[in-house]
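In terms of UniProt numbering, the sequence shown opens at residue 1 and continues consecutively. Note sheet for the following structure.
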Amino acid sequence: MPRTFIGFRGVGFWAPDAHTETWMYLVCAEIDRTAEPPGWLLEVREWWFVLATVRINGVMDPSYDTHLGEDEARIGLVQEIHEHVLRRFESFGEKMPRLSVPEGVWAFDGSVDTDLFAETFASFTGVLRGEGEELEPDVVASNGSVARKVRHLFRRPRY
């Protein structure tokens, strides 16, 4: 399964692309439930919905550094949304309902084991709190740009 390194503020983790698609799908659904989300969040949601639906393996970067930057209010709001998504995911129990998964990501008969996603989904929430593998200095200096991440991505793949 293809993977992408997900980073923010100098730390990150490897995520299977199908997990990133599913996480972004759930995040977009949570943003849609938000009463009067700010304009910047709606713009970010558009990018995250692309990640959730277009199946672009190997480049599933939600671009947290680009979209959140150093703005603590933005980071805080996205952290809150991620925490809501993680709690919703945990409430599914042993099986994630079919409606929680983007069309075409998983072909199954109605539900999928939540154990498959648990570690990756917790990592999405953790990376916004500064948890994860440290990035090389040149990747951090580039504010997490995909072009600069390439060297890091191929340096230490973990499969």
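Where is the CB? At the ideal position from N, CA and C, for every residue including glycine. If you're wondering where the values come from, they're calculated on a predicted model, not measured in any experiment.
From the options, residue whose alpha carbon lies closest to that of residue i
i: Met60; options: Met24, Glu119, Arg129 and Glu131; result: Met24
i: Ala18; options: His84, Arg33 and Pro2; result: Pro2
i: Ala118; options: Gly39, Glu72 and Thr22; result: Thr22
i: Arg33; options: Ile81, Phe124 and Gly130; result: Ile81
i: Leu41; options: Asn57, Ile56, Pro97 and Ser63; result: Ser63
i: Thr4; options: Asn57, Glu43, Leu26 and His84; result: Asn57
i: Gly93; options: Leu26, Thr125, Val112 and Val54; result: Val112
i: Met96; options: Val54, Val78, Thr20 and Leu116; result: Leu116
i: Gln79; options: Gly130, Thr125, Leu26 and Thr20; result: Thr125
i: Thr20; options: Val54, Gly130 and Ala35; result: Val54
Beta-carbon contacts of residue i that lie in its chain and below 8 Å, excluding the five residues immediately before and after
i: Ile75; result: Leu68 and Leu128
Close-in-space but distant-in-sequence residues of the same chain around residue i (CB under 7 Å, 5 per side omitted)
i: Leu28; result: A small correction: the amino acid at residue 28 is Cys; Leu does not occupy that position in the sequence shown. Taken in chain order, the residues that qualify are Arg45, Trp48, Phe49 and Ala52.
i: Phe13; result: Ile6, Ser123, Val127, Gly132 and Glu133
i: Glu83; result: Thr125
Expected contact under 8 Å - CB spacing of residue i and residue j to nearest Å
i: Ala15; j: Thr120; result: 5 Å
i: Ile31; j: Pro38; result: So it is not a contact: roughly 10 Å between Cβ atoms.
Cutoff 6 Å; reference residue i; Cβ partners in own chain excluding five residues on either side
i: Glu43; result: none
* Asked: If you pair each beta-carbon of the region 76-89 with each one of the region 46-53, do three or more pairs fall below 8 Å?
  -> Here the region 76-89 does not lie against the region 46-53, with fewer than 3 beta-carbon pairs under 8 Å apart.
* For the region 4-11 and the region 55-70, state whether three or more C-beta atom pairs, one from each stretch, are separated by less than 8 Å. => Cβ pair count under 8 Å is three or more, so yes.
* What are the complete alpha helix (DSSP H) segments, minimum 4 residues, inside the region 14-60? -> Taken in chain order, the complete alpha helix (DSSP H) segments of 4 or more residues contained in the region 14-60 are 17-33 and 39-53.
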